[in-house]
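Peer 1:
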Amino acid sequence: MALTSKASRFFELADQREFAVCQAINRSVRFRPILGYFRVVSRLGDGWFWYALILSLPFYAGDSGPALALQMALTGLTCTLTYKALKRWLIRERPFISFPVINCATPPLDRYSFPSGHTLHAVCFQAMLFVALPALAWCVLPFTLSVAASRVILGLHYPSDVLAGALIGGTMGWASMQWLAG
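Under full-length UniProt numbering, the first residue of the sequence shown is numbered 1, with each subsequent residue one higher.
If you want it as structure tokens, here you go:
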């Protein structure tokens, strides 16, 4: 309980510090085609893009494809369990909930904000691709960066949520690939 209340106090201060940045980013992207792009990216980042990528690996990556696909699927499951546990434990409200002037441009998949699960998965899979298939990783990188940006642009996350998701996801993806190499 004490840790949860400390986290709550920390997030209250962080929310106040990040509010202006969130509001500025959220307001700056009101042009419908750009907002539409980030909505589509966010929807694909719900998992659809990654499912398609994982399912294509056995065809794209030859003999190592099935093993990499399985490893990405299992690592993705671990990512899901990790971010869901952190969100339930740390309980940080989303920016549009804490600050109604921030426009929520697409419905969230869950209530809490920290860390960004979309970013966590995107960076995890990106790290795994950079280790296993660097050429493909470079092709996927713009999508990963767009997913991370979409979370703040759409009013769903604070920048620190995205940064934490990237750090956790990158670490999990890299660790998964090291485990396979070992």
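Ideal Cβ positions, reconstructed from N, Cα and C, are used throughout, including at glycine.
Whose C-beta lies closer than 7 Å to the C-beta of proline 108 among residues of the same chain, with five residues either side of it excluded?
Peer 2: Correct list, in chain order: Arg94, Leu156.
Peer 1: Between residue 186 and proline 66, what straight-line distance do the alpha-carbon atoms span, to the nearest angstrom?
Peer 2: No statement about residue 186 is possible, as the shown extent of the chain runs from 1 to 182 and does not include it.
Peer 1: Checking the sheet assignment: what are the DSSP bridge partners for tyrosine 112?
Peer 2: Answer by DSSP bridge pairing, in chain order: Glu93.
Peer 1: Quick check: the Cα distance between alanine 135 and glutamine 126, rounded to an integer number of angstroms?
Peer 2: Using only the alpha carbons, I get a separation of about 11 Å.
Peer 1: Which term fits methionine 1, buried or exposed, when burial requires 16 or more other beta carbons within 10 angstroms of its beta carbon?
Peer 2: Reliability fails at methionine 1, whose pLDDT of 49 lies under 50, so the model's placement of it is uncertain and the value that follows must be treated cautiously. With fewer than 16 Cβ atoms within 10 Å of its Cβ, methionine 1 is classed as exposed.
Peer 1: Rounded to whole angstroms, how far is the Cβ of histidine 121 from the Cβ of glycine 76, which I believe are closer than 8 Å?
Peer 2: 6 Å between Cβ atoms; contact.
Peer 1: So the alpha helix (DSSP H) alanine 148 belongs to, where does it begin and stop?
Peer 2: Unbroken alpha helix (DSSP H) run through alanine 148: 134-153.
Peer 1: Identify the continuous alpha helix (DSSP H) that holds valine 41 and give its terminal residues.
Peer 2: Looking at the DSSP string, the run of the alpha helix (DSSP H) that includes valine 41 is 32-43.
Peer 1: Using DSSP with H/G/I as helix, E/B as strand and the rest coil, what is tyrosine 158?
Peer 2: In this structure, tyrosine 158 counts as coil in the three-state DSSP scheme.
Peer 1: Would you give the residue range spanned by the alpha helix (DSSP H) that tryptophan 50 belongs to?
Peer 2: Here the alpha helix (DSSP H) through tryptophan 50 covers 49-60.
Peer 1: Look at the alpha carbon of tyrosine 112 and the alpha carbon of arginine 88, and state the distance between them as a whole number of angstroms.
Peer 2: If you take the alpha carbons of tyrosine 112 and arginine 88, they lie about 8 Å apart.
Peer 1: Nearest to threonine 106 by alpha carbon, out of Val162, Gly36, Ile91, Leu180?
Peer 2: Per the Cα distances, Gly36.
Peer 1: Any idea if tyrosine 60 is buried or exposed, counting beta-carbon neighbours within 10 angstroms, 16 or more meaning buried?
Peer 2: Label assigned to tyrosine 60: exposed.
Peer 1: What's the gap between the Cα of leucine 167 and the Cα of proline 142?
Peer 2: Between leucine 167 and proline 142, the C-alpha separation is close to 18 Å.
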